[in-house]
Structure formats: C-alpha cells, structure tokens
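A.B. asks: These protein sequences, in sequence, are chains W and E.
Heads up, the first sequence is in the working numbering, so the first residue is 871 and it goes up one at a time.
Heads up, the second sequence is in the working numbering, so the first residue is 13 and it goes up one at a time.
Don't be surprised by glycine CBs; every beta carbon is placed ideally from N, CA and C.
Being a predicted model, the structure only gives us computed values, none of them experimental.
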Amino acid sequence: MTTSAYLREQRDLADGILRPGNTNCAGCGMSIGLQWLEQALENERPTLCIPACCGIVTAGSFPTSAYGVPTVATTFASSAAVATGVASVYAMNGEKDLTICWTGDGGTYDIGVATLSAAAERNEDLLYVCYDNEIYGNTGGQRSSATPRGVKTSTTPKGKAEPKKDMMAIMAAHRIPYAATLSVAHREDFLRKVRTARRTKGFRFLLMLSPCPTGWKSEPEDSVDLILTAVRCGLFPLYEVFEGRRYRINARPDGEPLESYISRQRRYRSELLDLDALRAGIEAQWAYLEAMERTFPAGEHE
Amino acid sequence: MRADPAGVLTGVHYLDGDFACGEGAMAAGCRFVAGYPITPSTEVVERIARRFPRMGGTFVQMEDELASMAAVVGASWTGTKSMTVTSGPGFSLMMENIGLAVMMETPCVVVNVQRGGPSTGLPTMVGQADMMQARWGSHGDYELIALCPQSPQEAFDLTIDAFNLSEQYRVPVLVMMDECVGHMTEKVIVRPAEDIEVVPRRLTAAPRGEFQPYRVDGRPVPEFARAGDGYRFHTTGLTHDERGYPVMNAECQEKCVRRLVDKIRGSAEQIVRFEEEGTEGADIVVVCYGITARVARLAVHLARERGVKAGVLRLVVVWPFPEQRIRELARHIRAFVVPEINYGQIVLEVERCAAGQAAVVPVPHGGGGVHDPSAICQSILRAAQ
C-alpha cells in the first residue's frame, strides 16, 4: 500500500461512525451494530443523539473519541426529543442530513419511553435505533423492562418475575412508517433494513438484540452465535412492520431448542427461571406474528 | 419506640457508605424503596433489593427518578416508611415530587450520593455541589431538612435520624452524602435493635367524622390518617385548608404555606446539629461538612502547628442552617474559612450569618477529588494574618 493510500484509508476510518479502537467490552453487540450501521449508510455521515448508555461511554475522551461523526450526548430521558430539535432544524434549513438516536434499552423502554412515544406520534423524520442488551450495563447490571423473565440482575437477585416488554408492538401501535428488528448474526438482513429505514421518510424504529457478555455472563466469542440461536429458537423474531399495520416475517424458528440459548448465559441461573413459561411466551408471540402477517401482509415492493 | 429487629443487622461490620446507608434505612423501619440505577448511589438499592425479602419490604425498580420519588410519596401515604436514592441528574428529576411531598407533608427520605456536576458531570467522582439544590431545588417557598454524613458509620446513623426527623416534622429529609463517603469502606457498628430509637408515624385517634387531615390545633404538625383507614381523606399539592381541599386565595396560601415554613423554622434550634473542635478562643473557624470535614481537620491541625488558633465547626445538619451559632462565633473570631467541593454554596450562608462581623473565606474545589489539606491550611494562615 502506498503512503497516500494508507493515509486516505486512515482518514476514511476517522470519518466513519465508529473509529477503530475503543473501550467497549469484547463481544459487545453494540460495536457490531455500529460497524454495520456505517456499512449500510456507506459514506453518509449522520448526526448521532445518544443518551446515557454504554453507547455514550463508547465516545470516550479526547483525543481517543470513538465517534467520527457529530455526536450529541443527551440526558437519559430525552434522546428522541433532542433529535427532534436537530432534525427539525435540518429540515428547516433544507438539509438532507440523517439524524439517528442510538440508545440502549433503559433509555428506550424505561426512562425514555415518553419522549420516544411523543416523537413517534409527531412522526419526526429521524431514525431511532435501540441496541437492547436487556440490562442497565453502564451502572453495573440492574434490571430494565427489557430484561426477560427469570434473569438474575443486581436488583432482581432471585430472577426477574415479569416478562419482557414488547417494544415492537408499542412502536407498531404508533403507526410509524417503518419498524424492524435487527440481528447481529444476519448481516444481509441487517444492512437491508437499515437501507430501507434510510429510504423511508418519517419516524423509523429499529430494535437490535445486543449480546452483552458482561451482563449476560456469557463468553465473548459466543456473542454472535447466541443471537443466531435466539433467532433460530424463535426467541427473537426477525420481522418488519410497515405503517404499523403490514407485517413481514424474515426468518422462522427451525426447531433449535431454547436451552442452547439459555444454557450459555449464567444470568439465567436463577430461582425464578421457568422454561415452560418462556416457551409459552415464544409460542404466543409467533402465533400473533403469523396471524398478523397472514391477515395484513406487507406489499411486494415494501 | 424501639427498632424492629428484623431490619437491624446487629454487629460490627466493614461496609461502604452506600451499604451502611441502606442498613440504616432498614434499621429505621423503612419497608418501601423505589429507585432507578445511577452511579454512585446504586449500591444502596442493590443492598436493599437483596435484604428486603427477609423483612417483608418491597423494593421497586422504577422507570426513572420522577417515578421513583412519586412512588415514595404514594407508599408513604399508606403509612409505610419510604425512601428513594439517587445522584445529581436523578435528584434534578425528583424536584417536582419533592415539592409535592413538602406540600402534602409526606414523611420520606431522599438520599443523594453527590457526584461532580452539573449535568452528567463526573458520574464516578465526588462533588458537593447539590447543597443549594437541596435547599431550593423545587419551586415555591418551603423548608426541609438535610443531613451530611462524613463516614460510613454516620451514613448508617444519620439515615436513621433522617427517618425519625421526617416522621417528627412530616417533611422530606435529605441525606446529602457524597461519592467519597458512599464508596469508602470503614468499620460500622450496628447497635442492637433495642438500643435504636425510631419515631413511628403519628396516627390520628380522632373519631371518623371529626378528622381533618391538616388541622393542627396549635401543634406544628398535623396527625396522620393512612389512605384506606376509613377517614374522609384528601391530600393535594394545591394550596389547601385544614380539610385538605383546595382553596384558591391569598388568605389560605398565607396560612397553609406559612405553617409549612414555620414548622421547620420554629424548630430550627432543635433540628440543627453541628460538632465543634477547638472553636473556644479560636481566631479562625473552618466550617465544613461531609468528606471535606475530614480533610479540613488535618488542615486545622497543620495551621495550629504554625501557631494559628484555628477550630472546626462541622455541619451534621446543613438545612436548616445553624444561623445562631454562626452569628455568635462571628462576634468573637477573625474569620471563617469554608472549604467545600463546589464553587461556593454553603459559604454564602456563612457570609449571610456573619453579616460583616468576621471575614468569610471560601476554599472552592470543582469536584472529582477532595481538597489538598495544605490548600485549606494556606487559606487559614492567610485569614489569620
């Protein structure tokens, strides 16, 4: 490689969303998500609005900051509201820049749900991505309303009693133009959905199940395979919802047992783990999704 | 009344301030805690989440700090001693509901393990810059009580005191810890339950038809009826009369809010608490609180070695402020020196009370660490010149 080619590559890396070298844990799904987001958006440089979450720790300190694009760190509850301000002014000035909320599950399912709901209802022109690691990772592992039933956290020492909140259903109920789930084990599907979201006007919501070896008490090298297993056993359905009404399922369960997902995460070793209840939840979810897709299928060109 | 042994972990422990605070709450009879994860306070609720099932307490992890403080208000109105725990950003979100608790005269405890601010600031590092927010953070005129522990032992002891004061005066009591005290680990002695005095909720014995939730009959604080006890019951953040129902006029505002303010101001001399060392005959008095008090003591020692007559006044209760004692000292000393981990908050109170009779020297620190004792010592030496 010539010197100038090397320098150009370094400059390109510096201008990307996620620069090489950061303090994220090994096996962090969010890091994969940021890299694939960058690949899907090709050379575009979006503006990121990030609330309190691991994603804002990723930013790091000068001069080693990991984000190569403009980044606004918001208060915990308000990434969708801050992004509303950013996106509105871009629109007012006739700029085409993409505004992205990059948030964890705490900032989406819990403290941020009011601002998220309001921005969705106003159909703000922004892309909201939730990387859902099902735990408050930044503060050392407390439960969130995205934590599945039976999972042990520092505030649910016997395991969480309540099932996970269905955020996709909540967002679909807002009748936003586009909502989809993302898997860090299905790259083509991931890139296609980000591109679909990019082409769509209005509020777009993407939900990514994000493996977290630190919080899940799993092995970093298992991260991608865990998500593949979550999709194969039906725990994490890959699907899209258009206008909150038309459904398309992207992958169906193939009989992979739930145990091969659960057994590799020590967070599930709790008094309240109830595999039958988890299986019943998965079956009910699939019955619902299949019925919705059958009754309200997405159009051929959507 | 003696503490319920179920919540008292009698023994000699090696605990950090956050854990000690949680133990203090359980010893005081707290059986409802609502909270939201935030550094450096999360360990308090993590401790409680593990320990509560053994004593029949309920911990709820809420969706944010607004909800945490609101849940505490609701739980307290069932007669259950209730608490929430947070740090700077969460404390800001709690402010509206702290005002509601003041207006409705809801006994409750709010712990703030202070970190560097403003905004997200320094999540894992020390600050003492929420002291004025503790006093004035919610809108409107009000008074409340704030305590400042300097050690894990005091985190335990003062959390018990906070619950007792909140019951006695029917007011939110703030435990204004700091990250250093919260995260330092020291010996903590938990006395046997029979040696721990707790103040129970003062429930009314009035006949059903006669009870009025805010009638005081000359006492500073009304009697309490639990929601669901069968009394006609209404409580609100609106300006209200003795029946608890809203009255929108200046006369009722004067009566309602005046009493809320006076119940603390009128008892300030019983509530204020401070410790003095070497202030007798001193030329310089260092006024300090929390972790800074421990640094300041070394500074005073260094100054004394250089021949300066210096003493320490440590605030244990910060709000209400010990106005009378500061005024007395101001008449006899040359200067107050006020180190604190902010750019000048409590020093303003000292200055107000000194009223020009003694010099007042701030020793600010922006946060993220504690003072260098020699910096405080230099300020003492300069003030003594």
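(1) Please report the Cβ distance between S1093 (chain W) and G938 (chain W), rounded to the nearest whole angstrom; I am assuming they are in contact, meaning their Cβ atoms lie under 8 Å.
(2) Chain E beta carbons: is any one of them nearer than 8 Å to that of R1013 (chain W)?
(3) Output, in chain order, the set of chain W residues within a Cβ distance shorter than 7 Å of R62 (chain E).
(4) G29 (chain E) to Q140 (chain E), Cα distance in whole Å?
(5) Can you tell me where the beta strand (DSSP E) holding F348 (chain E) begins and where it ends?
(6) In or out: A37 (chain E) buried (at least 16 other Cβ within 10 Å) or exposed?
(7) Going by beta-carbon coordinates alone, are K321 (chain E) and A342 (chain E) separated by less than 8 Å?
(8) What's the C-alpha gap between R1102 (chain W) and D1124 (chain W)?
(9) Beta-carbon separation of M74 (chain E) and G100 (chain E) under 8 Å?
(10) Of all the CB atoms in chain W, is at least one closer than 8 Å to the CB of V57 (chain E)?
(11) Please work out which residues of its chain come closer than 7 Å, Cβ to Cβ, to I10 (chain E), disregarding the five sequence neighbours upstream and downstream, and give them in chain order.
(12) Output, in chain order, the set of chain W residues within a Cβ distance shorter than 8 Å of I50 (chain E).
(13) Since V57 (chain E) and C33 (chain E) are thought to touch, with beta carbons under 8 Å apart, how far apart are those beta carbons, to the nearest angstrom?
(14) Quick check: is the beta carbon of D980 (chain W) nearer than 8 Å to any beta carbon in chain E?
(15) Going by beta-carbon coordinates alone, are M116 (chain E) and T96 (chain E) separated by less than 8 Å?
(16) In terms of residues, what are the limits of the beta strand (DSSP E) holding R326 (chain E)?
(17) I need the straight-line Cα distance from N124 (chain E) to E1129 (chain W), nearest angstrom please.
(18) How about P101 (chain E): is its C-beta nearer than 8 Å to some C-beta of chain W?
(19) Report yes or no: do three or more beta-carbon pairs, one from the stretch 78-93 of chain E and one from the stretch 238-246 of chain E, lie closer than 8 Å?
(20) Is there contact between the stretch 283-302 of chain E and the stretch 313-331 of chain E, where contact requires at least three CB pairs shorter than 8 Å?
(21) Who does Q73 (chain E) pair with in a DSSP beta bridge?
(22) M95 (chain E) lies in the beta strand (DSSP E); which residues open and close that run?
(23) Quick check on the burial criterion: 16 or more other C-beta atoms within 10 angstroms. Buried or exposed for M3 (chain E)?
(24) From the beta carbon of E108 (chain E), is the nearest beta carbon of chain W less than 8 Å away?
(25) From which residue to which residue does the alpha helix (DSSP H) around F175 (chain E) run?
(26) Can you pull the chain E residues whose beta carbon is under 8 Å from the beta carbon of S1024 (chain W), in chain order?
(27) Which first and last residues belong to the beta strand (DSSP E) in which C895 (chain W) is found?
(28) List the DSSP bridge partners of S1053 (chain W).
(29) Going by DSSP, what residues sit across from T1177 (chain W) in a beta bridge?
(30) Leaving aside the five residues before and after R1136 (chain W) along the sequence, list all residues of the same chain whose C-beta is less than 7 Å from its C-beta, in chain order.
(31) Could you tell me the alpha carbon to alpha carbon distance between P164 (chain E) and P1081 (chain W), rounded to whole angstroms?
(32) On the criterion of 16 or more Cβ atoms from any shown chain inside 10 Å, does M260 (chain E) qualify as buried, or is it exposed?
(33) From the DSSP secondary-structure annotation, give me the bridge partner or partners of C1000 (chain W).
(34) Are the beta-carbon atoms belonging to I920 (chain W) and T944 (chain W) less than 8 Å from one another?
(35) Output the boundary residues of the beta strand (DSSP E) element that contains D28 (chain E).
(36) Is L134 (chain E) helix, strand or coil by DSSP?
C.D. replies: Result, derived from the coordinates:
(1) Contact between S1093 (chain W) and G938 (chain W) does not hold, since their C-beta atoms are separated by about 24 Å, which reaches or exceeds 8 Å.
(2) True, the Cβ-Cβ gap to chain E drops below 8 Å.
(3) Residues of chain W with a Cβ closer than 7 Å to the Cβ of R62 (chain E) are, in chain order, P1027.
(4) Going by the C-alpha atoms only, they are around 16 Å apart.
(5) The continuous beta strand (DSSP E) containing F348 (chain E) extends over residues A347 to E352.
(6) Label assigned to A37 (chain E): buried.
(7) Judged by their CB atoms, K321 (chain E) and A342 (chain E) are not nearer to each other than the 8 Å cut-off.
(8) Distance between the alpha carbons of R1102 (chain W) and D1124 (chain W) is about 6 Å.
(9) No, they are not a contact pair.
(10) Yes, contact with chain W.
(11) Nothing about residue 10 (chain E) can be reported from this structure: the residues present for chain E run from 13 to 397 only.
(12) Neighbours of I50 (chain E) on chain W, chain order: T1009.
(13) The pair is not a contact, with the Cβ atoms about 10 Å apart (cut-off 8 Å).
(14) Residue-level contact check: D980 (chain W) touches chain E, since one or more beta carbons of chain E fall below 8 Å from its beta carbon.
(15) It is not a contact, given that the beta carbons lie outside the stated cut-off.
(16) Annotation: the continuous beta strand (DSSP E) that includes R326 (chain E) extends over A322 to L327.
(17) Between the alpha carbons of N124 (chain E) and E1129 (chain W) lies a gap of roughly 42 Å.
(18) Yes, P101 (chain E) lies at the interface with chain W (some Cβ there is under 8 Å from its Cβ).
(19) Remark: three or more beta-carbon pairs, one from each stretch, lie closer than 8 Å, so the stretch 78-93 of chain E and the stretch 238-246 of chain E are flagged as touching.
(20) Taking a cut-off of 8 Å on C-beta distances, the stretch 283-302 of chain E touches the stretch 313-331 of chain E, as three or more cross pairs fall below it.
(21) For Q73 (chain E), DSSP records a beta bridge to E:G47.
(22) Counting along the chain, the beta strand (DSSP E) containing M95 (chain E) begins and ends at S94 to T98.
(23) Outside the shown range of chain E, which is 13 to 397, sits residue 3 (chain E), and nothing can be said about it.
(24) Not closer than 8 Å to any Cβ of chain W, the Cβ of E108 (chain E) fails to qualify, so no.
(25) Going by DSSP, F175 (chain E) is part of the alpha helix (DSSP H) stretching over P164 to Y181.
(26) Within chain E, the residues near S1024 (chain W) are T54, E58 and A61.
(27) From DSSP, C895 (chain W) is part of no beta strand (DSSP E); its letter is neither H nor E.
(28) Looking at the DSSP assignment, S1053 (chain W) forms a beta bridge with W:L1079.
(29) The requested residue 1177 (chain W) is not part of the displayed model; chain W covers only 871 to 1172.
(30) Leaving aside the five residues that flank R1136 (chain W) on each side, the residues in its chain whose CB is nearer than 7 Å to its CB run, in chain order, K1087.
(31) Going from the Cα of P164 (chain E) to the Cα of P1081 (chain W) covers about 37 Å.
(32) Burial state of M260 (chain E) is exposed, judged by a 10 Å Cβ sphere holding fewer than 16 other Cβ atoms.
(33) Paired residues: W:T973 and W:L1077.
(34) Yes, Cβ-Cβ distance for I920 (chain W) and T944 (chain W) is below 8 Å.
(35) Per DSSP, D28 (chain E) is one residue of the beta strand (DSSP E) stretching across G23 to D28.
(36) Taken through DSSP and simplified to helix, strand or coil, L134 (chain E) comes out as strand.
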